[in-house]
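Counted the way my numbering counts, the sequence shown spans residues 532 to 639.
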Amino acid sequence: MLSKKVYLAEPKSFNDPFDNKAFFYRNEVLSKYDFLKSFNGKIIDDFSSYVRLSSFTSNGVNSMPMWAHYSNNHQGYCVMYNTKLRENINLLSNLFPVQYIEQRIDIT
532 MLSKKVYLAE
542 PKSFNDPFDN
552 KAFFYRNEVL
562 SKYDFLKSFN
572 GKIIDDFSSY
582 VRLSSFTSNG
592 VNSMPMWAHY
602 SNNHQGYCVM
612 YNTKLRENIN
622 LLSNLFPVQY
632 IEQRIDIT
């Protein structure tokens with residue numbers, strides 16, 4: 532907080548192994564294009580190595596799962612951001628809601 536920085540985690544550190552994981556593994560498509568065979572999912576892995584994310588909630592202190600997963604098992608603290616302040620415009624333009632779905636997205 533003193534440095535006014537937000538920690539951005541690598542997706543591989545997430546507690547859900549499917550977070551940030553689309554898939555590109557359909558053999559019937561890969562077999563049609565020789566140049567794709569050599570990638571075999573490497574595109575997604577390479578992309579994920581450059582991605583950094585931070586988790587926020589609009590639920591605040593009322594979200595017990597958020598506290599358990601993202602605050603060192605309820606030992607952390609809650610920082611509130613005033614989304615109406617002009618100085619937070621850059622932050623807000625880079626926030627996107629998480630969409631939970633039943634199946635992984637196929638980007639083949």
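Glycine residues also receive a C-beta, built at the ideal position from the N, C-alpha and C atoms.
Return yes when at least one heavy atom of the ligand GDP lies under 7 Å from the C-beta of residue i, else no.
i: S624; result: As presented, the structure is devoid of all ligands, the ligand GDP included, so that no description of it is given.
With DSSP run on the structure shown, which of helix, strand or coil describes residue i?
i: L584; result: strand
I believe residue i touches residue j by the beta-carbon criterion, under 8 Å. Please report the beta-carbon distance rounded to the nearest angstrom.
i: N619; j: Y608; result: Incorrect: roughly 19 Å between the Cβ atoms, too far for contact.
i: M597; j: N604; result: In fact, because the Cβ distance is near 12 Å, the residues do not count as touching under 8 Å.
i: F549; j: R635; result: 6 Å
i: V610; j: M532; result: 7 Å
### Query
Quick check: the segment 578-585 against the segment 537-547, are there 3 or more CB pairs under 8 Å?
With the cut-off at 8 Å, the segment 578-585 and the segment 537-547 touch.
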